[in-house]
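Report on the structure given below.
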């Protein structure tokens, strides 16, 4: 009787008919990364990270060294790798009590996904799931919305938009005083509110004839198979020439 590696089974799915060989390859690649970090080879570890992940978090090696390697591998660590769902793995990084003689404090949990980039395995670390190009355009009255792409993380999603005001009136898409008025909408009409820690009211004020680029973050924990259909600006304000205003809703297709 041969034993099976239970860490290759998805932690949040009962479906064990996934490609076990591929999942095993993913796990081995993550183990390679962890081993390089643990044995003091951060430059080689950095080379295993995807271009998208580097663009989001670690545009150069120094950022990776200071913000990931130094922070997580200042001493010898033990770690466990568990398949979470599909190509995403939960990685628990713990103090190696045998080598440090200390206690198991400062434990770290990360989610790492394995993707193919130029036919090679690469890693998205720091709970970054990956990037999806969308390029969806919506024209509503005098405004054109283009959703360029989105970055998915375990706890939120960030959408990158280009918005052009083709009319002769200024438009405030949201005043950010209430997180429920700007949201993502899925196929079941479930709403996921904006997280406006990186967004300002000024960015959402689109003057007549102007094109604005912005990124909008939504509280949206990663879920397999969910279909998101709209970004909704439910309380936009159109400013008239006489100083009065009128409320409007914009639904942007994804």
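In our numbering, the protein residues as written are 27 to 280.
Beta carbons are placed, not taken as given, at the ideal position from N, Cα and C, and that holds for glycine.
All figures in this text were calculated on a predicted structure; none of them were measured in a lab.
Within 10 Å of its beta-carbon, does residue i have 16 or more other beta-carbons around it, so buried, or fewer, so exposed?
i, result
"residue 234", "exposed"
"residue 210", "buried"
"residue 100", "exposed"
"residue 49", "buried"
"residue 149", "buried"
"residue 199", "buried"
"residue 279", "exposed"
"residue 89", "exposed"
"residue 189", "buried"
"residue 275", "exposed"
"residue 173", "buried"
"residue 216", "exposed"
"residue 153", "buried"
"residue 227", "exposed"
Can residue i and residue j be called in contact, C-beta distance under 8 Å?
i, j, result
"residue 136", "residue 151", "yes"
"residue 138", "residue 56", "yes"
"residue 225", "residue 202", "yes"
"residue 109", "residue 120", "no"
"residue 238", "residue 229", "yes"
"residue 160", "residue 176", "yes"
"residue 263", "residue 253", "no"
Across which residues does DSSP place residue i in a beta bridge pair?
i, result
"residue 139", "114 and 150"
"residue 233", "DSSP output for residue 233 lists no bridge partner at all."
"residue 196", "265"
Rank the options by C-alpha distance to the C-alpha of residue i and give the top, closest one.
i, options, result
"residue 195", "165, 236 and 52", "236"
"residue 259", "271, 251, 213 and 197", "197"
"residue 63", "277, 273 and 91", "91"
"residue 255", "218, 47, 267 and 265", "218"
"residue 266", "220, 222, 193 and 205", "193"
"residue 66", "52, 165 and 96", "96"
Exercise for the section: Determine, using beta-carbon pairs with one atom in the segment 181-191 and one in the segment 235-247, whether at least three such pairs fall under 8 Å. Expected result: Three or more beta-carbon pairs drawn from the segment 181-191 and the segment 235-247 are found closer than 8 Å, and the two stretches are therefore classed as touching.
Practice task
Could you tell me whether the segment 75-92 touches the segment 104-121, where touching means 3 or more Cβ pairs closer than 8 Å?
Solution key: No, because fewer than three Cβ pairs between the segment 75-92 and the segment 104-121 fall closer than 8 Å, the two stretches do not touch.
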